[in-house]
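Using the working numbering, the first residue of the sequence shown is number 581, and each one after it goes up by one.
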Amino acid sequence: MTIRKILIADDSNTERLNLTHILESAGYQVIAAQSGNEAKALAETQQPDLILLDIIMDDGDGYQACRAIKRNPATQAIPVIMVSSKSNPVDKQWAQKLGATNYIVKPYTDADVLAQIAQL
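This is the structure we're talking about:
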């Protein structure tokens, strides 16, 4: 699978800008959402190759968004990587149960993010 277009969903402007910089520097096209609900809508209309989802967001958290994306036939095949400051193993297991492909813990390095994408 070739990944070109990546949807980032994070309610932190700083995080969105940081991830956008990392991904665009590596040659990816980036779409940004500020909430889980916005991410669900953009996933359906934009059909990204990958979604990076923060967990703690207003207006639909990352868990809700992941569940909805994985239950929607139009978006269920899109891989989802959760990106969160929650480093508890329970959070990672819950993300996997909801259909997340992988999990990146903040703070992360550019290499962490790019390595996760390369594994897909």
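Glycine included, every Cβ here is placed at the ideal spot set by N, Cα and C. No experiment lies behind these values; they were computed from the predicted model shown.
| task | Please go through the same chain and pick out, in chain order, the residues whose beta-carbon is closer than 8 angstroms to the beta-carbon of isoleucine 661, but skip the five residues on each side of it. | result | Numbered from its first residue, the sequence shown carries residue 661 at position 81. Only Leu630, Ile631, Leu632, Leu633, Ala680, Thr681, Asn682, Tyr683, Ile684, Gln696, Ile697 meet the Cβ criterion.
| query | Could you give the residue range of the beta strand (DSSP E) that holds lysine 585? | reply | Taking the first residue of the sequence shown as 1, we reach residue 585 at position 5. Its beta strand (DSSP E) spans residues 585 to 589.
| message | Taking the straight line between their C-alpha atoms, what separation do you get for proline 653 and valine 693? | response | On the sequence shown, position 73 is the one that residue 653 refers to. On the sequence shown, position 113 is the one that residue 693 refers to. Distance between the alpha carbons of proline 653 and valine 693: 27 angstroms.
| Same chain, Cβ closer than 7 angstroms to alanine 623, neighbours up to 5 away in sequence not counted | Stepping through the sequence shown from its first residue, residue 623 is reached at position 43. A distance below 7 angstroms between beta-carbons, with the five flanking residues on each side excluded, links alanine 623 to the following residues of its chain, in chain order: Leu587, Ile631, Ile649, Thr655, Ile658.
| Between which two residues does the alpha helix (DSSP H) containing leucine 630 stretch? | As a working note, residue 630 is residue 50 in the sequence shown. Note, leucine 630: premise wrong, no alpha helix (DSSP H); beta strand (DSSP E) at 630 to 634.
| request: If I'm right that aspartate 591 touches leucine 599 with Cβ under 8 angstroms, what's the distance once you round it to whole angstroms? | output: For the purposes of this step, residue 591 is taken as the residue at position 11 of the sequence shown. For the purposes of this step, residue 599 is taken as the residue at position 19 of the sequence shown. Not a contact, Cβ separation roughly 13 angstroms.
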